[in-house]
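Trainee: Shown below is the structure under consideration.
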Amino acid sequence: MIGAPITRREDARVLRGETRYLDDIEPAGVAHAAFVRSPFAHARISSISTPADAVVLTAHDLHVRRFPVTAVDGTELADEGHPVLAGEEVMYDGQPVALVLAGSRALAEDAAELVEVEYEELEPVVDPRASETTLTRWSRTAGDVAGAFAAAANVIRGRYALPRLAAVPIEPRGAIAAWDRELDRLTVWCSAQDPHRPRSQLAHILDRPENAIRVIVPDVGGAFGGKGVIAPEVAALAAAAIELGRPLKWTEDRYENLLAAYQGRGIEGEVELALDGDGRMLALRGRLLADLGGYLLTATPIPPHTAAMLLTGCYDIPAAEVTVTGVRTNKPPTGPYRGAGRPDAAYMLECVLDDGARALGLDRIALRRRNLIRRFPHRTPMGHVYDSGDYERCLDTALALLADSADSADSAGEHPDRLCGTGVALYVERAGGQWEAAEIELDRGGGVTIRSSCSPHGQGHETTFAQIAADRLGIGLDRIELRFGDSDVVPRGVGTYGSRSVAIGGSAVAQAADRLIESARPCAARVLSGDASWNDWAFVSGDRRVTLEGVARVEGGLSAGATFRSAPVFSSGAYAARVEIEPATGRLHVLRIVAVDDAGTVINPLLARGQVVGGVVQGLGECLVEEVVYDEHGQGLSASLMHYGLLTAADVPPIVTAEVASPSPLNPLGAKGVGEAGAIGTLPAVANAVADALAGVRLDPPFDSERLWRALR
Ligand code: MCN
Numbered sequence: 147m148i149g150a151p152i153t154r155r156e157d158a159r160v161l162r163g164e165t166r167y168l169d170d171i172e173p174a175g176v177a178h179a180a181f182v183r184s185p186f187a188h189a190r191i192s193s194i195s196t197p198a199d200a201v202v203l204t205a206h207d208l209h210v211r212r213f214p215v216t217a218v219d220g221t222e223l224a225d226e227g228h229p230v231l232a233g234e235e236v237m238y239d240g241q242p243v244a245l246v247l248a249g250s251r252a253l254a255e256d257a258a259e260l261v262e263v264e265y266e267e268l269e270p271v272v273d274p275r276a277s278e279t280t281l282t283r284w285s286r287t288a289g290d291v292a293g294a295f296a297a298a299a300n301v302i303r304g305r306y307a308l309p310r311l312a313a314v315p316i317e318p319r320g321a322i323a324a325w326d327r328e329l330d331r332l333t334v335w336c337s338a339q340d341p342h343r344p345r346s347q348l349a350h351i352l353d354r355p356e357n358a359i360r361v362i363v364p365d366v367g368g369a370f371g372g373k374g375v376i377a378p379e380v381a382a383l384a385a386a387a388i389e390l391g392r393p394l395k396w397t398e399d400r401y402e403n404l405l406a407a408y409q410g411r412g413i414e415g416e417v418e419l420a421l422d423g424d425g426r427m428l429a430l431r432g433r434l435l436a437d438l439g440g441y442l443l444t445a446t447p448i449p450p451h452t453a454a455m456l457l458t459g460c461y462d463i464p465a466a467e468v469t470v471t472g473v474r475t476n477k478p479p480t481g482p483y484r485g486a487g488r489p490d491a492a493y494m495l496e497c498v499l500d501d502g503a504r505a506l507g508l509d510r511i512a513l514r515r516r517n518l519i520r521r522f523p524h525r526t527p528m529g530h531v532y533d534s535g536d537y538e539r540c541l542d543t544a545l546a547l548l549a550d551s552a553d554s555a556d557s558a559g560e561h562p563d564r565l566c567g568t569g570v571a572l573y574v575e576r577a578g579g580q581w582e583a584a585e586i587e588l589d590r591g592g593g594v595t596i597r598s599s600c601s602p603h604g605q606g607h608e609t610t611f612a613q614i615a616a617d618r619l620g621i622g623l624d625r626i627e628l629r630f631g632d633s634d635v636v637p638r639g640v641g642t643y644g645s646r647s648v649a650i651g652g653s654a655v656a657q658a659a660d661r662l663i664e665s666a667r668p669c670a671a672r673v674l675s676g677d678a679s680w681n682d683w684a685f686v687s688g689d690r691r692v693t694l695e696g697v698a699r700v701e702g703g704l705s706a707g708a709t710f711r712s713a714p715v716f717s718s719g720a721y722a723a724r725v726e727i728e729p730a731t732g733r734l735h736v737l738r739i740v741a742v743d744d745a746g747t748v749i750n751p752l753l754a755r756g757q758v759v760g761g762v763v764q765g766l767g768e769c770l771v772e773e774v775v776y777d778e779h780g781q782g783l784s785a786s787l788m789h790y791g792l793l794t795a796a797d798v799p800p801i802v803t804a805e806v807a808s809p810s811p812l813n814p815l816g817a818k819g820v821g822e823a824g825a826i827g828t829l830p831a832v833a834n835a836v837a838d839a840l841a842g843v844r845l846d847p848p849f850d851s852e853r854l855w856r857a858l859r
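If you want this note's numbering, it's the position in the sequence shown, counting the first as 1, plus 146.
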C-alpha cells in the first residue's frame, strides 16, 4: 500500500457533483452579508451614515479584539494586528468598513451601496522602499561573516524582487456563523484549510474559550495557503451573529477575493556570496525587504522569516548574516501562498549563483556541485537541521532529463531566430514540524474509522491516509473511512499547511495503527492460547491465526490514538527549464519543465505527481503572467480575472517529473512533504533559463512579453 499509485477515492464524489461547498449550505432563517469597503488605500473615516431601514454594523457595534499575530521565533513584531472592521482609519483599497445584512446577497449589496462613508484622504505608501513603518524585523548572524568577505577571492551579488501574487482558489472564501444563545455556543462553517486555526483565531478575536466555538470545514475548492487565516469579514460575521442572535452567511465574490484577500510573496532582497579561489562558498549575506501591507494578519510574519531561514539553500555555507525587514504599505496584508517564503529564498539564491558564475566565467553547474551539502544531519548557519537528502542525485537526474528532452524540444531548428536558454535550480523545503493527532477505531463489523487532525482541501488525504492505515492493519481500503474538518469530531489539531500533513499527520495515523495492533495483542493471545506474534497482517501462534477483525469481533471493537510530534523535515529537489524567446514580440515559450523532487518515502506516487504538476503550473503562472498591480494611489488594478492572469491548460508545456527518495529518519514513514515543491523549484529554473536566453540580462518575474521586449531593446 505504501508506494502504490492508487487513484483518488475522493474523486468519484467530486465528479458526481456530490460535494458540498460552503455556498451549498443554507441554514433556515439565515441573513446574508455584504461589506462596505474602502475605496481608498489610505484615509481617515470622518463619518458613516446608514439608511434607517438597513441592518448595518460598524467597528463600534462589534465586541472584538484585533487579529492575533503569530510570534515567529526571534521576530520583533509591531502591535498592528488587523482590525476586524476599520475604525478611524483605512489602510488599503477594499478594506472592510461596515457589514450590511439583508434577506439575500443581492439585497445586502444594494443596501451596502446606500451606506455613506465620508473619508479624508491620506497619502498612501505604495512602494515598500518608501515606507517608514517597520512591522516585523528579524536578523541572525552565524560564523565570521565579515572575516569571510574580507578574505574572499570573489564576491558575487544580486538584487531580486518578487511581486505580490493572489492565491485564486476556485472556491472563494466564506462562512456561515450561528450562535446558540442557550448553550452560548458559536458554530462557524468556514471554507478553510482546517478547523483548528480558524477556531483559535476566532477565540482570540471574540475573547471566548475555544470550547465555546465549533468550526466545521465542508468541502473546500482549493486554498493554496490563502485560507489558513480567517478573513476579517468572517470574524465580523461571527461577532455580528452573536450580537444579533441570528445565523449569518457571507460568500466572497471573485472581485472581493482579488481585491481584499491576503496575498503572497511581495518581497525583494539583496544577496551576496563570498567565494574562495576554488569557488567554495565562505559566507552569505542577505538583506530582505517584505511589503507586508496595512496590518499584520495572524500568519503575515511567517513567509519572510521562512525565506530568511532558507536563504543558504542546499549549499554548505559556514557563515551567514540575514536580515529581513517587513514594512507597512497601503495594500492588503500578505500571508502564506503556496511555497510561503521557500520560492523567495530559492529564487534569490539560485539567481545570484547563475549571475555570479556568469560574471566570474565559472560553470554554473560546477559552482553548485562544489558546494552541495553531502552529509546529514546538517546544521545550517541559520539554525535549521536538515534531516536527509541527496542533492547531487537530484541535480544529476534533472540534468539528464533535460538533456534527454533536447532533441524533442518542440521547435529546435524551426525558429532559428528565437533566443534559447536553459536554467537549473535547486531548492530545500522546510516541511512538517509540530504535531498532529489521529484516532483509529475498528468496529466489530470490520469497518475502520480514522479521525485525523489533518484536514485536506484537494491534496487527497482520504486516499493517502487510508493507504497508510491499510498498509499497517492489513484491512482493505474500501473498509476505511476518514473523518476530519469538524472541531467537534476532531477536537485538536494544528493545520494543513507547510506540506506537513503526510509527514506529521500521516505518521500519527501510522502510530495509531501500530497502537491498535498492540492493544489487540492480549486478546489475540487469549484467542490463540499462546503468544500472539504479528505476522503477515494477522496474529499467529504456531499454525493458528486470528486477524484484527477477528479480535474486534471478540472485543466488541478496538480503538487507539496517537499524537505524533517531530522537528521539521527537509524536502529538496532540482528543477530545469528550457525556454525560447521570440525577439520580435518578446513572447516567452517555456518548452519543458523538469521537476525532480525528494519527498522521502512517497506514499502515493500518483497523487504526489499530481501535487508536483499542480505546483509547477502555479509556478509557471508566476513566471509568465501573475502579478498583483497597484497604481501610485494604491488602487488595486488586478481585481478581476480579466486583469489578473491565470494560466489555462493550453499554456502548460510538457512537465517531466522524477523522484529521488531520501527517507527522513524523523518519522516512522520516512516521509517528507511535496505539496509545495512545484511552486518552489519552477520559478528559479525558468528565471535562470530566461536570463540565459538574454545572455545574462536579469529580469524579475513575470516574464511577460512587454518586459522581455523592452529588455531586448
Ligand atoms: N504525498 C505522498 N507522499 C509524501 C508526501 C505527499 O504521497 N511523502 C502526497 C499525498 O497524496 C498527500 C499530498 O501528496 O495527500 C500532499 O501531502 P503533503 O506534502 O504532506 O502536503 P499537505 O497535505 O500538508 O498539503 C499542503 C500543501 C500546501 S502547503 C498547499 S499551499 C497546497 C498543496 O498542499 N494547496 C493545495 N496542494 C494543494 N492541492 C490542492 N488541490 N489544493 C490546494 O489548495
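Just so you know, even glycine gets a beta-carbon here, dropped at the ideal spot from N, CA and C.
Would you tell me roughly how many angstroms separate the C-alpha atoms of Val271 and Ser598, rounded to the nearest one?
Mentor: Approximately 44 Å, taken between the alpha carbons.
Trainee: Cα separation between Asp239 and Tyr401?
Mentor: Answer to the nearest angstrom: the Cα atoms are 12 Å apart.
Trainee: So the candidates are Arg310, Gly821, Arg859; which of them puts its Cα closest to the Cα of Pro848?
Mentor: Residue Arg310 is the option with its Cα nearest to Pro848.
Trainee: My guess is that Thr480 and Tyr532 are in contact by the Cβ rule of under 8 Å, so how many angstroms apart are they, rounded?
Mentor: With 8 Å as the limit, Thr480 and Tyr532 do not qualify as a contact, their Cβ atoms being about 27 Å apart.
Trainee: Is the Cβ-Cβ distance between Glu416 and Arg433 less than 8 Å?
Mentor: Cβ atoms of Glu416 and Arg433: closer than 8 Å.
Trainee: Name the residue from Glu664, Arg690, Arg625 whose alpha carbon lies nearest to the alpha carbon of Thr673.
Mentor: Sequence inspection shows Val at residue 673; the Thr mentioned does not correspond to that position. Answer by Cα proximity: Arg690.
Trainee: Hey, how far is the Cα of Ala232 from the Cα of Val182?
Mentor: One C-alpha to the other measures close to 10 Å.
Trainee: Pick from Arg638, Gly567, His451: whose alpha carbon is nearest that of Ser285?
Mentor: Looking at the Cα atoms, His451 is the closest of the given residues.
Trainee: Return the chain-ordered ranges of every alpha helix (DSSP H) run that is complete within the region 623 to 698 and spans a minimum of 4 residues.
Mentor: Counting whole runs of 4 or more residues, the region 623 to 698 contains the alpha helix (DSSP H) stretches 653 to 674.
Trainee: Output yes or no for whether 8 Å exceeds the beta carbon distance between Ala804 and Leu545.
Mentor: Going by C-beta atoms, Ala804 is not nearer than 8 Å to Leu545.
Trainee: Mind checking Asp365: buried by the 16 CB within 10 Å criterion, or exposed?
Mentor: Buried.
Trainee: Terminal residues of the continuous alpha helix (DSSP H) containing His342?
Mentor: From DSSP, the alpha helix (DSSP H) with His342 extends over 342 to 352.
Trainee: Pairing CB atoms from the region 333 to 350 with CB atoms from the region 377 to 395, are three or more of them under 8 Å?
Mentor: Contact holds: three or more Cβ-Cβ distances are below 8 Å.
Trainee: Could you tell me whether the region 619 to 634 touches the region 355 to 370, using the rule of 3 or more Cβ pairs below 8 Å?
Mentor: A contact exists between the region 619 to 634 and the region 355 to 370.
Trainee: So within the region 240 to 285, which uninterrupted alpha helix (DSSP H) runs reach at least 4 residues, ignoring any that extend past its ends?
Mentor: You should have 251 to 260.
Trainee: At a threshold of 7 Å, does Glu575 count as lining ligand 1 (C-beta to nearest heavy atom)?
Mentor: For ligand 1, not one heavy atom lies less than 7 Å from the Cβ of Glu575.
Trainee: Throw me the rounded Cβ distance for the Leu435 and Val375 pair, which I believe falls under 8 Å.
Mentor: About 22 Å separates the two Cβ atoms, so there is no contact after all.
Trainee: Report all residues from its chain with a CB closer than 7 Å to the CB of Thr279; omit the five preceding and five following residues, and keep chain order.
Mentor: Val473, Arg474.
Trainee: Please report the residue range of the alpha helix (DSSP H) in which Glu379 lies.
Mentor: First-last of the alpha helix (DSSP H) with Glu379: 378 to 390.
Trainee: Return helix, strand or coil for His451, following the three-state DSSP convention.
Mentor: Helix, per DSSP.
Trainee: Could you have a look at Leu456 and say whether DSSP puts it in helix, strand or coil?
Mentor: DSSP places Leu456 in coil when its eight states are reduced to three.
Trainee: Mapping the DSSP letters down to three states, classify Asn300 as helix, strand or coil.
Mentor: Asn300: strand per DSSP, three-state reduction.
Trainee: Under 8 Å, do Thr693 and Ile148 count as touching if we go by C-beta distance?
Mentor: No. Outside cutoff.
Trainee: Kindly indicate which three-state DSSP category His607 falls into: helix, strand or coil?
Mentor: Three-state result, His607: helix.
Trainee: Give the list of continuous alpha helix (DSSP H) stretches no shorter than 4 residues that lie fully inside the region 457 to 533.
Mentor: Qualifying alpha helix (DSSP H) stretches, in chain order: 488 to 506, 510 to 517.
Trainee: Looking at Arg484 and ligand 1, is the gap between the Cβ and the nearest heavy atom below 7 Å?
Mentor: Yes - ligand 1 has a heavy atom lying nearer than 7 Å to the Cβ of Arg484.
Trainee: With a threshold of 7 Å (Cβ to nearest heavy atom), would Asn813 be considered close to ligand 1?
Mentor: No - ligand 1 has no heavy atom lying nearer than 7 Å to the Cβ of Asn813.
Trainee: Excluding the 5 residues preceding and the 5 following Gly604 in the sequence, name in chain order all residues of the same chain whose CB lies nearer than 6 Å to its CB.
Mentor: Gly368, listed in sequence order.
Trainee: Assuming Ser601 and Pro341 form a contact by the criterion Cβ under 8 Å, report the distance between their Cβ atoms to the nearest whole angstrom.
Mentor: Confirmed, Cβ separation roughly 6 Å.
Trainee: Is it buried or exposed, Ala174, if we count other Cβ atoms within 10 angstroms and call 16 or more buried?
Mentor: Counting Cβ neighbours within 10 Å, Ala174 comes out exposed, since fewer than 16 surround it.
Trainee: Helix, strand or coil: how does DSSP classify Arg859 here?
Mentor: Residue state, collapsed to three classes: coil.
Trainee: Report yes if the C-beta of Arg618 is less than 7 Å from at least one heavy atom of ligand 1; otherwise report no.
Mentor: Outside the cutoff, so no.
Trainee: Quickly, what does DSSP pair Arg597 with across the bridge? List them, please.
Mentor: Partner(s): Glu585, Arg629.
Trainee: Given Leu508, which residues of its chain have a CB within under 8 Å of its CB, disregarding the five upstream and five downstream residues?
Mentor: Around Leu508: Gly425, Gly502.
Trainee: On the DSSP letters alone, give me the boundaries of the beta strand (DSSP E) that Ile413 sits inside.
Mentor: It spans 410 to 421 - the beta strand (DSSP E) in which Ile413 sits, taken as one unbroken run.
Trainee: Exposed or buried, which one is Glu585 when buried takes at least 16 other CB atoms within 10 Å?
Mentor: Flag for Glu585 reads buried.
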